[in-house]
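Trainee: My structure is below; once you've seen it, I'll send some questions.
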Amino acid sequence: MTTLPGGIRMRGDSRTADDALLADLNPAQREAAAAPGGPLLVLAGAGSGKTRVLTRRIAWLIRARGLAPESILAVTFTNKAAGEMRARVESLLGRSVRGLWIGTFHAICLRWLKRHARAAGYGPDLAVVDAEDQLTLLRRLLKEAGYDHTPRRARELQAIISRAKNRAQTAEEFAAEAHTPAQLVAARLYTAYQEALRRQNGVDFDDLLLGGLRLLREHAEIADHYAAQFEHILVDEYQDTNRVQFLLVERLARTHRNILVVGDDDQSIYGWRGAEVRNILDFKKHFPEAAVHYLEQNYRSTAPILAFANAVIARNRGRYEKALWTERPGGELPEFFLAADEDEEAEEIARRLSAEADAGRPYRETAIFYRTHAQSRPLEEAFLRRGIPYAIVGGIHFYARREVKDVLSYLRVLVQPRDETSLRRALGVPKRGIGERTLEEFFACLGESGCGPLEYARAGGPASASARAREALARFGEWMLALQARLAEPPERILSEIVASSGYRDHLRHEGGDWEERLANVDELLESARLFSSREEGGVAEYLDQVSLLTSADTVAAAADRVTLMTAHNAKGLEFPRVFVTGLEEGLFPHASALDDEEELEEERRLFYVACTRAMDGLTLSASEMRRRYSTGAGGISRFLIEAPRELFADTGPQGSWGGYGGPRVHATGRAREDAESARRANGGNGGWGRPVDSAGGRRSASVGDGSGAWSGSAGDGDEHPLVGRRVYHAAFGHGLVTGVDGRGDQARITVRFQAGNTRKVLKGYLEWEP
DNA sequence: GGGCCCTCGTCCTTA
DNA sequence: ACGAGGGCCC
């Protein structure tokens, strides 16, 4: 008998597991999987078999407890996880579990909103608006309201609206709380945005959740119906649920109170998206009678990997104290190496990968994680050079590619002509003589015309438009209405008809550039529609729903023997025998935007912890001394490595890179670049290794502003304008003259006219001041 | 007015 | 390096 943290005493084998379903679970897993009912919190560390517990519990509820599949609701984090979990349960039970509700919160809410469209206040054929369309719409609204409508502003606004929605705050509630001028503007636009969505019968991702919640709140009979139906509710990755998702779960669990949530506060990585780790920390407050189970035995990683990961996460405050352990014997220390720049970092990874492949490790066993998508490029280039097959998860999502969105926009218009964003897109691409001006008038007059958008187009649109534009509109309307009459046909047939008769292929060819790749993507889209038709029941509308809810994590191709590249966020829930975590530099991982906020830093640390704990046998960490990123360099080795006990990882840099490293450079310094530059020169600029470290190899002061180095000439942080006219040297761009200053301190952006003739804005920290 | 070309600011993570 | 917007020509 053991007492676990939190004072939960656990018996050994309880022998409630008379069912073979639970035979191979450990006692803690079994207790959770066969728990009698009531609220249950399972704190499951990385690799502790939580998916196993969830699938076994669902199977156990159905077989041992005789529950009907439709009385169980299981919420997963991705559609892929839902599909896998369903398949797993079916194979455990040897029967179909048709009727089981399993999916992401978003997919489940969409299902409700469609099923109860009228009650939810939507028309039929509700369409999901993706992030890009959301931005397009917001920019248009900003412009119409006379505000700055740069993509940046639109993104800021999108984030504000999204955060409000994730707190379950409607436009009206948000407006009521708005005080500062900026908040009032945001409130106005939030309202306008919701009206625009409403006009086109659209919902964004956050609306799916909020709409689902509103449906349950405003229609007690519907809420009671589902609350009665779902005798058992299971939620995976509970640490990454937001307020709205909590409220949904809480409402649905009210009748039976059989709510099992599984999560790990150390793996909460979506705070920026509105996830509230409080949901899991406060579970016992919300459900006072809840039992708590801890899963701390890790079945995934070797002891050295776990020891390193445990040490990393132990730096965080505000967490349930816990430590994973394993019975796995042996294992190598995690490795670290420092490269001169990102090309060499990528090259070294490719080199190690090739060697391991030669030694018999299949490529598919290896994954490479990075903090931002932009880091994939050097890796791709290195892999291409060495002929290493790879697949990128995420990045520019397939369905977010311009050519794919173009073609899909026609399909969306057919299903929902009021979708203004898609209609604007379809009208404009390929060019058919309908320009900005005509579009504005078209939509301005559409309302008064009293007919639908396609009929209005067929009639020639606004009388004020040019004869050419009117003719083009009429042809477009005619064509779309003819296609609309065929909507009962399979999506694939409609889609290929669209591609064929729109002249889209010619349009792409004419565009030049990477048209071949774009053309291939269009063909791949047609193939995906064909696959949908062959696999799923449902027409064009269902096809579009599926496309909208697909996520990057859903498209991991498992079959081929390839290395997988993805962001650390996308890695959640996965495991690989061999893992590389790259770009471990201050400002990148942890990301620059988190450096001045302790909570955000802790989230970065959790993200790093998630990345490391994906590894089963091998973990290699890497960093670059220099990085071309918005014309800036790297910020020194990540604090996540600096703060880890030195004996928990091995420095495998060819020249003992760590040994010469002078300590944490928490802020980017000019020295880092300078060193990297001299390293490149010393290596003849080729892919050679290492940087010439201080010959002494000892510690070296690298603190910013120590007055001894390149910094001494810098003016104070007060008045920056005396800097204009100063001569400077930049490691990458050479000598130049300051022509402008933006901001203060080391974060100031200095405009420099370089001798080469180019003018650039660079961070002050990267400049050396010449006399 | 519509479309092409060139210059400029810009990319953190996502259901 | 990529897209958006401004300028310019049809």
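Each residue of the first sequence is one higher than the one before, starting from 414 at the first, in the working numbering.
The beta carbon of each residue, even a glycine, is placed where N, CA and C say it ideally should be.
1) Is DSSP giving proline 440 helix, strand or coil here?
2) So, helix, strand or coil for valine 699, using DSSP?
3) Please state whether DSSP places aspartate 958 in a helix, a strand or coil.
4) Quick one, are the C-beta atoms of leucine 1014 and alanine 1007 less than 8 Å apart?
5) May I ask you to verify whether the region 538-545 touches the region 580-594, counting CB pairs closer than 8 Å and requiring at least 3?
6) Between the Cα of proline 449 and the Cα atoms of Ala558, Ala787, Arg470, Leu792, which residue gives the shortest distance?
7) From the DSSP output, in three-state form, read off tryptophan 1182 for me.
8) For arginine 819, which residues in the same chain have their Cβ closer than 6 Å to its Cβ, ignoring the five residues on either side in sequence?
9) So, are the CB atoms of valine 1141 and threonine 1152 less than 8 Å apart?
10) Should cysteine 864 go down as buried or exposed, given a rule of 16 or more other Cβ atoms within 10 Å for buried?
11) For the alpha helix (DSSP H) containing threonine 604, name the first residue and the last one.
12) Mapping DSSP to helix, strand and coil, what is leucine 987?
13) Evaluate threonine 549 with the Cβ neighbour count: other Cβ atoms within 10 Å of its Cβ, from every protein chain shown; 16 or more gives buried, anything less gives exposed.
14) If we ignore side chains and look at the alpha-carbon of each, how far apart do alanine 641 and histidine 669 end up?
15) In chain order, which alpha helix (DSSP H) runs of at least 4 residues are fully inside the region 528-584?
16) Quick one: what's tyrosine 803 bridged to in DSSP?
17) What are the boundary residues of the beta strand (DSSP E) that serine 1037 is part of?
18) Grab me the residues of tyrosine 535's own chain with a C-beta within less than 8 Å of its C-beta, minus the 5 sequence neighbours each way, in chain order.
19) Secondary structure at alanine 795, three-state DSSP: helix, strand or coil?
20) Kindly list the residues whose CB is nearer than 7 Å to the CB of glycine 807, restricted to its own chain and excluding five residues on each side of it in sequence; keep chain order.
21) Rounded to whole angstroms, what is the Cα-Cα separation between leucine 840 and proline 802?
22) When you compare each of His699, Asp653, Leu660, Gln658 to aspartate 677 by their alpha carbons, which one comes out closest?
23) If we call anything under 8 Å between Cβ atoms a contact, is proline 717 one with leucine 737?
24) Rounded to whole angstroms, what is the Cα-Cα separation between alanine 954 and leucine 821?
25) Given a cut-off of 8 Å, decide if leucine 435 and alanine 445 are closer than it, judged by their beta-carbon atoms.
26) Count Cβ pairs between the region 700-717 and the region 454-461 that sit closer than 8 Å; are there 3 or more?
27) Looking at the structure shown, is phenylalanine 1185 part of a helix, part of a strand, or coil, going by DSSP?
28) So, is proline 512 buried or exposed, given that buried needs 16 or more other C-beta atoms within 10 angstroms?
29) Alpha carbon to alpha carbon, how far is threonine 1045 from glutamate 1038?
30) In chain order, what are the residue ranges of uninterrupted beta strand (DSSP E) at least 3 long that sit wholly in the region 686-762?
31) Beta-carbon within less than 8 Å of alanine 1024's beta-carbon, same chain only, minus the 5 sequence neighbours each way: which residues are those?
32) Shortest alpha-carbon distance to valine 817 belongs to which of Thr468, Leu719, Val912?
33) Between proline 830 and proline 866, how many whole angstroms is the CB-CB distance? I'm expecting something under 8 Å.
34) Threonine 468: which of Ala591, Leu626, Asp649 sits nearest, CA to CA?
35) Whether or not the region 758-776 and the region 784-799 are in contact is what I'm after, with contact meaning three or more pairs of Cβ atoms, one per stretch, closer than 8 Å; do they touch?
36) Apart from the five residues on each side of it in sequence, which residues of its chain come closer than 7 Å, Cβ to Cβ, to histidine 699?
Mentor: Once the coordinates are examined:
1) helix
2) Just to set this straight, residue 699 is histidine in the shown sequence, not valine. DSSP places histidine 699 in helix when its eight states are reduced to three.
3) helix
4) yes
5) no
6) Arg470
7) strand
8) For the record, residue 819 in the displayed sequence is aspartate; it is not arginine. Only Val842 meet the Cβ criterion.
9) no
10) exposed
11) 594-612
12) coil
13) buried
14) 7 Å
15) 530-533, 544-557, 564-579
16) Val976
17) 1028-1039
18) Leu526, Asn614, Val616, Gly624
19) helix
20) His786, Ser965, Met979, Thr980, Asn983
21) 39 Å
22) Asp653
23) no
24) 11 Å
25) no
26) yes
27) This structure gives no information on residue 1185, because the portion of the chain shown stretches from 414 to 1184.
28) It is glycine, not proline, that sits at residue 512 in the sequence shown. Flag for glycine 512 reads exposed.
29) Low local confidence applies: a pLDDT of 49 at threonine 1045 is under 50, so the model's placement there is unreliable, with the coordinate-based value given in what follows. Going by the C-alpha atoms only, they are around 11 Å apart.
30) 704-708, 748-754
31) Phe782, Ala981, Ala984, Val992, Val994
32) Val912
33) 5 Å
34) Asp649
35) yes
36) Glu663
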